[in-house]
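Quick note: the sequence shown uses the working numbering, first residue 48, plus one each step. Here the structure comes first, spelled out in structure tokens, and everything after it is commentary.
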Amino acid sequence: MHEDFERCVRAVQAKDSRFDGWFFTAVLTTRIYCRPGCPAMPPKPENMTFYPSAAAAQQAGFRACKRCRPDASPGSPEWNVRADLVARAMRLIADGVVDREGVPGLAGRLGYSTRQIERQLLAELGAGPLALARAQRAQTARLLIETSGLAMSDVAFAAGFASIRTFNDTVREVFALTPSELRVRAKPGPRTPVAGSLSLRLPYRAPLCPDNLFGHLAATGVPGVEEWRDGAYRRTLRLPRGHGVVSLRPEADHIACRLSLTDWRDLSLAISRCRWLLDLDADPVAVDDQLRTDPLLAPYVDKAPGRRVPRTVDGAEFAVRVVLGQQVSTAAARTLAGRLVEAHGEAVADAEGGLTHLFPSPEALAALDPEALAMPRSRRATLTGLVAALAHDGIDLGVGADWDRARERLAALPGIGPWSVESIAMRALGDPDAFLPSDLGVRLAARTLGLPATPAALTAHAALWRPWRAYAVQYLWATGDHPINLLPTNGN
């Protein structure tokens with residue numbers, strides 16, 4: 048979009064926050080860059096230029112606006128819609144792969160050379176993977192500087208910087224302030240103690256309907272791993288350097304997030320996974336506008352706009368849970384998952400609630416005795432086959448996965464049919480066009496709305512909803528009275 052000068056100018060002049068994250072406005076006279084919704088007086092069009100990423104603006108010598116804080120804007124929704132190389136690379140960069148494994152690690156996960164990755168990112172985003180990862184580190188550093196009581200040396204390493212000097216230089220270059228000056232300028236208030244949790248706000252594009260988003264997560268929560276407590280969804284997180292516990296609470300204009308981590312170097316990754324879980328980088332206006340073109344669906348979109356797709360923090364975990372949930376009730380699936388967690392999950396401490404374990408890894412589940420599973424023999428075989436494929440055969444269900452390849456490999460496993468494949472594609476892989484025409488809830492909703500009831504006919508009709516069929520599923524499910532559609536109002 049940044050190449051459409053007139054459209055970008057109109058968005059800036061209107062201070063349209065819907066475009067935050069889509070592009071960045073650089074002001075030639077002041078040498079700062081802003082989000083489109085910056086509340087300051089818009090510059091003259093002749094003094095504007097536009098960049099596709101904050102990293103590109105930083106590389107061109109522009110500093111972040113101190114008023115609109117463009118580094119804190121929601122991420123571009125484009126990376127969650129597309130399945131091409133650049134989009135997959137951006138999702139992996141947001142997931143911290145460059146910080147942990149370098150550019151060679153990123154290229155290896157994508158199956159391309161480092162030169163190919165760098166060339167394509169530069170062509171589309173004006174910055175290579177190192178610059179994009181650096182911009183993300185700067186954003187994390189600012190968050191920690193302004194909201195935590197961590198010493199600056201701890202902030203530097205928690206944000207992913209290799210040295211204090213690089214941290215200081217980057218913060219000065221990006222924000223035109225030293226780290227100490229950033230902390231002084233921050234609004235006064237209690238800061239997170241070093242040994243405690245970190246509280247922050249997760250921005251999103253309005254509107255956001257929390258009902259099905261949090262209702263689904265709470266209603267299907269695995270005992271010991273997830274819970275709804277005091278108006279917030281809480282769960283444990285398995286992270287590269289340790290584990291964590293997160294609390295996510297819907298507020299009027301943001302998601303209140305509280306994180307407790309055993310290693311603060313996992314902070315950026317934990318934030319990225321929470322945003323992915325709640326689908327916070329979606330563009331609800333574009334989604335709902337397309338779904339409203341169907342007169343049968345439009346009234347339900349107008350009633351509660353901004354529905355998101357509840358995702359997962361761990362693709363392998365969700366795939367296992369899909370198999371456990373085949374042809375059983377939500378309550379039965381929770382019970383089965385809870386037994387697996389108690390027997391094979393890693394125990395963790397939770398001072399604030401009832402979380403007790405991490406969901407077991409595929410490697411841990413690969414060692415289980417199938418006969419100990421209280422489920423039909425055919426589903427036992429499906430589960431053990433899936434776990435073996437996840438643990439040993441390298442099926443990639445992460446944020447940077449090739450969607451088509453993942454579907455092919457899942458469908459080749461015994462007992463993994465179209466419903467399971469598309470459920471995993473929708474909530475683990477994040478494909479916004481994943482569709483479940485054979486799902487019972489979808490078929491009941493279709494009948495209620497006067498839509499075709501057979502899977503083939505419904506799929507043909509759903510061409511109207513593309514590329515947002517996964518969001519259409521959320522609206523269809525919401526026509527029922529199942530707890531997944533309702534925001535919980537009390538504790539467990």
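Glycine residues also receive a C-beta, built at the ideal position from the N, C-alpha and C atoms.
Beta-carbon separation (whole angstroms), residue i vs residue j, contact threshold 8 Å
i    : j    : result
A481 : T377 : That belief does not hold up - the Cβ atoms of A481 and T377 are roughly 20 Å apart, past 8 Å.
F66  : Y98  : With 8 Å as the limit, F66 and Y98 do not qualify as a contact, their Cβ atoms being about 13 Å apart.
L260 : L306 : Actually they are not in contact, since the Cβ atoms of L260 and L306 sit about 19 Å apart, beyond 8 Å.
D326 : V356 : 5 Å
R322 : D328 : 6 Å
P352 : P250 : That belief does not hold up - the Cβ atoms of P352 and P250 are roughly 18 Å apart, past 8 Å.
A317 : L324 : Not quite, the Cβ-Cβ distance comes to about 10 Å (not below 8 Å), so this is no contact.
Q373 : R456 : 18 Å between Cβ atoms; not a contact.
T161 : A170 : Between A170 and T161 the Cβ distance is about 15 Å, and since that is not below 8 Å, they are no contact.
Cβ-Cβ distance between residue i and residue j below 8 Å
i    : j    : result
E148 : A134 : no
L229 : R189 : yes
A544 : V221 : Residue numbering for the chain in the displayed model covers 48 to 539; residue 544 lies beyond these limits and cannot be assessed.
R339 : A345 : yes
S315 : G173 : no
V446 : G477 : yes
L533 : G262 : yes
P297 : A363 : no
D443 : A428 : no
A205 : L191 : yes
L460 : A436 : yes
R312 : R288 : yes
A185 : V150 : no
L157 : A178 : no
Q183 : I140 : yes
A102 : R166 : no
W512 : P479 : no
L505 : P484 : yes
G400 : G271 : no
S294 : V369 : no
W450 : A472 : yes
F365 : A438 : no
Three-state secondary structure assigned by DSSP to residue i
i    : result
I79  : strand
M88  : coil
H301 : coil
L285 : Reading off the sequence shown, one finds Arg at residue 285, where the question assumed Leu. In this structure, R285 counts as strand in the three-state DSSP scheme.
E399 : coil
F261 : helix
M422 : coil
D201 : helix
F109 : coil
F482 : coil
D67  : strand
V241 : Any answer about V241 is weak, because its pLDDT of 47 lies below 50 and its placement is not dependable; what the coordinates show is given next. Here V241 sits in coil by DSSP.
S315 : helix
G291 : strand
S467 : helix
L306 : strand
V74  : strand
P535 : coil
E50  : coil
F208 : coil
Proximal residues to residue i (C-beta, below 8 Å), its chain only, five neighbours per side dropped
i    : result
V395 : T283, H290, V292, L402, T403, H404, L405
C115 : C81, R82, G84, C85, P86, A87
G268 : E274, W275, Y280, R282, R381
S227 : M199
L496 : L343, L344, Y347, L523, T526
Same chain, Cβ closer than 6 Å to residue i, neighbours up to 5 away in sequence not counted
i    : result
E273 : R282
L383 : L371
S64  : G84
L255 : G353
V59  : T72, P83, P89
Q337 : W515
T431 : P417
D397 : V292
D335 : V348, P352
F214 : A203, F208
V468 : R454, L457, A458
A517 : V356, M473, P479, A481
Spatial neighbours of residue i in its chain, beta-carbon cut-off 7 Å, leaving aside the 5 residues before and after
i    : result
G527 : G488, L491, A492
G152 : V144
N94  : V74, L75, T76
Q521 : N259, R354, V356
W466 : L483, S485, D486
V332 : R65
L132 : L157, Y159, Q167
Counting only runs of 4+ residues fully inside the segment 330-400, write out the alpha helix (DSSP H) ranges in chain order.
331-338, 345-350, 362-371, 377-391
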